[in-house]
Amino acid sequence: MRFGHGKSAARRRVMRPELTSLIDVIFLLLIYFFLSTTYAAPESALEPALLAQREAAGRSADLQPQIVDAAIVDGAPAYTISGQTFRDARSLGAMLRTLPKDMGVFIRSAGDVTVGWTVGAVQAATDAGFTRITYVPARSGGPQ
Amino acid sequence: MRLHDPALRERIIEPDLISLVDVVFILIIFFLTTSALVDRMRAKVDLPVERGDPSVVEARSPMVINITANGRYIIEEREMTLDGVVRAVRQQVDNREGDLGVQISVRPDRAAPAVHLNRLADALLEMGVATWRLATEVPRSPVP
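Heads up: the sequence lines are chains A and B, in that order.
With our numbering, letter number 144 in the first sequence gets 144, and the count goes up by one each step, no holes.
Each number in our numbering comes from the position in the second sequence (counting from 1) with 144 added on.
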């Protein structure tokens with residue numbers, strides 16, 4: 001196609017966009033965004049159901065739910081289930097894998113452990129294949 | 145194609161820079177606004193380092209409650225007491241009456257005592273909120 005080189009000065013003016021300034025602006029914006037962006041670590045989520053302690057206690061008489069207590073035992077944080085004590089989430093997870101999954105599991109956290117320790121139990125239950133995980137907030141400092 | 149008419153040819157070639165710049169500025173304003181909103185939701189806390197549950201679908205515009213290491217509750221950059229959190233959640237619940245319900249994402253610091261998480265869980269239960277999400281930070285190296 002021929003677009004008529006040198007036809008008229010007016011047409012040339014119309015056809016010449018100010019690309020240099022446009023690129024300048026775009027580069028300035030790019031630099032601004034690079035500088036203003038802060039690194040945020042990728043986040044995920046766990047979704048345990050919430051259940052009041054009184055309801056959990058009511059069910060325990062009928063169904064004997066599997067309850068993991070996250071609490072301080074002998075001065076150190078521990079997970080306790082069925083009388084067994086675990087000092088890390090990995091060994092708790094190994095134990096949870098052997099349990100039946102259809103009943104679900106309750107995670108009961110004492111107030112004196114850290115949130116990280118509590119969430120570790122929820123993660124261990126998730127990794128063990130439990131789909132019904134219920135968080136039970138303990139009202140006192142230790143397990144009940 | 146008819147390109148012999150000089151007037152028609154000019155219309156085709158002439159780029160409309162003004163509209164282009166308009167669109168670019170609208171996009172910039174959009175990104176600036178949304179990124180600022182995301183930053184407002186997320187307080188600076190060290191989340192528990194866990195994989196999370198891959199099956200949990202990211203909530204659309206959840207209400208984000210941050211819990212700092214020393215047990216302060218922060219919603220949208222505003223530090224508040226537990227009573228303040230309750231009022232804010234209740235307002236959300238009332239506003240979304242008849243909807244799917246308020247979606248709450250809790251971002252706790254991993255070093256925070258679990259008692260603060262438990263108090264929040266109790267308060268949410270009192271309001272009839274039975275589901276929540278616990279945000280975690282995806283570990284950089286895969287956990288065995």
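Beta carbons: idealized from backbone N, C-alpha and C, even for Gly.
Residue i: first and last residue of the uninterrupted beta strand (DSSP E) it sits in
i	result
residue 235 of chain B	Looking at the DSSP string, residue 235 of chain B is not in any beta strand (DSSP E); the run it does join, the alpha helix (DSSP H), is 226 to 239.
residue 69 of chain A	66 to 73
residue 46 of chain A	43 to 46
residue 108 of chain A	105 to 109
Residue environment, residue i, which counts as buried when at least 16 other CB atoms sit within 10 Å
i	result
residue 18 of chain A	exposed
residue 281 of chain B	buried
residue 175 of chain B	exposed
residue 84 of chain A	exposed
residue 192 of chain B	buried
residue 25 of chain A	exposed
residue 135 of chain A	buried
residue 250 of chain B	buried
residue 48 of chain A	buried
residue 70 of chain A	buried
residue 240 of chain B	exposed
residue 82 of chain A	exposed
residue 86 of chain A	buried
residue 41 of chain A	exposed
residue 212 of chain B	buried
residue 100 of chain A	exposed
residue 257 of chain B	buried
residue 268 of chain B	buried
residue 222 of chain B	exposed
residue 106 of chain A	buried
residue 125 of chain A	buried
residue 103 of chain A	exposed
residue 238 of chain B	exposed
residue 57 of chain A	At residue 57 of chain A the pLDDT is 48, less than 50, meaning the model places this residue with poor confidence and gives no usable figure here.
DSSP state of residue i mapped onto helix, strand, coil
i	result
residue 33 of chain A	helix
residue 271 of chain B	coil
residue 201 of chain B	coil
residue 285 of chain B	coil
residue 130 of chain A	coil
residue 262 of chain B	helix
residue 212 of chain B	coil
residue 25 of chain A	helix
residue 171 of chain B	helix
residue 136 of chain A	strand
residue 94 of chain A	helix
residue 89 of chain A	helix
residue 19 of chain A	helix
residue 243 of chain B	Note that residue 243 of chain B scores a pLDDT of 48, beneath 50, so its modelled location is shaky and nothing firm can be said.
residue 50 of chain A	strand
residue 99 of chain A	coil
residue 166 of chain B	helix
residue 144 of chain A	Since pLDDT at residue 144 of chain A reaches only 37, below the 50 mark, its modelled position is unreliable, and the value read off the structure follows with that caveat. If DSSP states are grouped into helix, strand and coil, residue 144 of chain A belongs with coil.
Residue i - partner residues in DSSP beta bridges
i	result
residue 84 of chain A	A:81
residue 193 of chain B	B:281
residue 76 of chain A	A:73
residue 249 of chain B	B:208, B:277
residue 222 of chain B	B:219
residue 257 of chain B	A:114
Where the alpha helix (DSSP H) containing residue i begins and where it ends
i	result
residue 119 of chain A	115 to 127
Below 8 Å, can you find three or more Cβ-Cβ pairs linking the segment 213 to 222 of chain B to the segment 69 to 78 of chain A?
-> no
The segment 125 to 132 of chain A / the segment 159 to 172 of chain B touching (three or more Cβ pairs under 8 Å) = no
Would you check if there are 3 or more beta carbon pairs closer than 8 Å linking the segment 113 to 125 of chain A to the segment 253 to 262 of chain B?
-> yes
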